[in-house]
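Notes follow the structure.
Numbering (the UniProt record's numbering), first residue to last: 1 to 212.
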């Protein structure tokens with residue numbers, strides 16, 4: 001199991017290299033862009049949106065550029081937040097822990113979390129979902145993604161730097177069950193094959209939910 005300290009160390013270590021690799025990835029990810037555009041259109045006038053686990057802020061900026069001006073990007077890693085602020089100075093970025101989100105209840109109109117749960121166990125995912133549900137307003141939308149399967153892949157190097165971190169895959173039925181248990185309705189759940197030669201070769205899932 002990853003501790004938050006291991007996750008923090010990993011992303012503080014690789015922040016600059018990660019940003020170089022991922023900053024323009026949405027240009028070739030058509031499904032991601034379609035979902036994000038629909039999410040922005042549906043939620044741009046519903047209050048503050050938080051992009052949890054935003055990394056260098058590529059999804060945050062995409063939403064901002066598609067009309068979602070009331071948005072904040074958050075990440076566990078201060079180094080990632082620093083990179084994001086440099087790349088998109090017009091957007092607010094903050095450090096946040098998804099297992100203990102220091103927002104008051106009902107603070108957000110919507111939330112995004114692309115691959116933000118991939119270093120969590122299922123128990124931690126349940127805690128994370130509970131926290132996101134708490135900080136959303138009733139009826140607030142939550143869109144997130146993850147890798148599909150049941151593997152746990154360990155990395156001791158990332159971007160040629162030493163790390164110690166696990167990547168968790170999830171079965172969609174397990175994730176949907178946790179969503180219902182933590183107070184969400186599932187609106188849509190889709191999966192896609194990986195893009196060849198441009199991303200880690202796993203099936204990807206996207207789930208659009210709504211707080212009950």
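Where is the CB? At the ideal position from N, CA and C, for every residue including glycine.
- In its chain, beyond the 5 residues on either side, 59, 145 have a beta carbon closer than 6 Å to the beta carbon of residue 114.
- CA-CA distance, residue 103 to residue 135, rounds to 6 Å.
- By the C-beta density criterion, residue 105 is exposed, having fewer than 16 other C-beta atoms within 10 angstroms.
- Here residue 36 is buried: its Cβ has 16 or more other Cβ atoms, across all protein chains shown, within 10 Å.
- Around the beta carbon of residue 155, fewer than 16 other beta carbons sit within 10 angstroms, so the residue counts as exposed.
- Residue 144 is bridged by DSSP to 113, 207.
- For residue 176, same chain residues with a beta-carbon under 7 Å away, outside a window of 5 residues either side, are 186, 189 in chain order.
- Counting along the chain, residue 167 sits inside the beta strand (DSSP E) bounded by residues 161 to 168.
- Setting aside the 5 residues that flank it on each side, residue 70 is surrounded in the same chain by 47, 48, 49, each with a C-beta closer than 7 Å to its C-beta; the list follows chain order.
- Beyond the five residues adjoining it in sequence on each side, residue 109 comes within less than 7 Å, by CB distance, of 43, 46, 47, 48, 49, 137, 140 in the same chain, given in chain order.
- Beta-bridge analysis with DSSP links residue 134 to no other residue.
- The secondary-structure analysis by DSSP pairs residue 94 across a beta bridge with 74.
- Relative to the Cα of residue 192, the nearest Cα in the group 20, 201, 205, 24 belongs to 205.
- Residue 2 sits in coil when the DSSP states are folded into three classes, being neither helix nor strand.
- The three-state secondary structure of residue 54, taken from DSSP, is coil.
- Note on residue 207: 16 or more other CB atoms within 10 angstroms of its CB, so buried under the neighbour-count rule.
- Per DSSP, the continuous alpha helix (DSSP H) segment holding residue 30 begins and ends at 30 to 43.
- Counting the other Cβ atoms within 10 Å of the Cβ of residue 81 gives 16 or more, which makes it buried.
- With respect to residue 183, residue 116 sits apart: the two C-beta atoms are not nearer than 7 Å.
- In the three-state scheme derived from DSSP, where H, G and I count as helix and E and B as strand, residue 193 is classed as coil.
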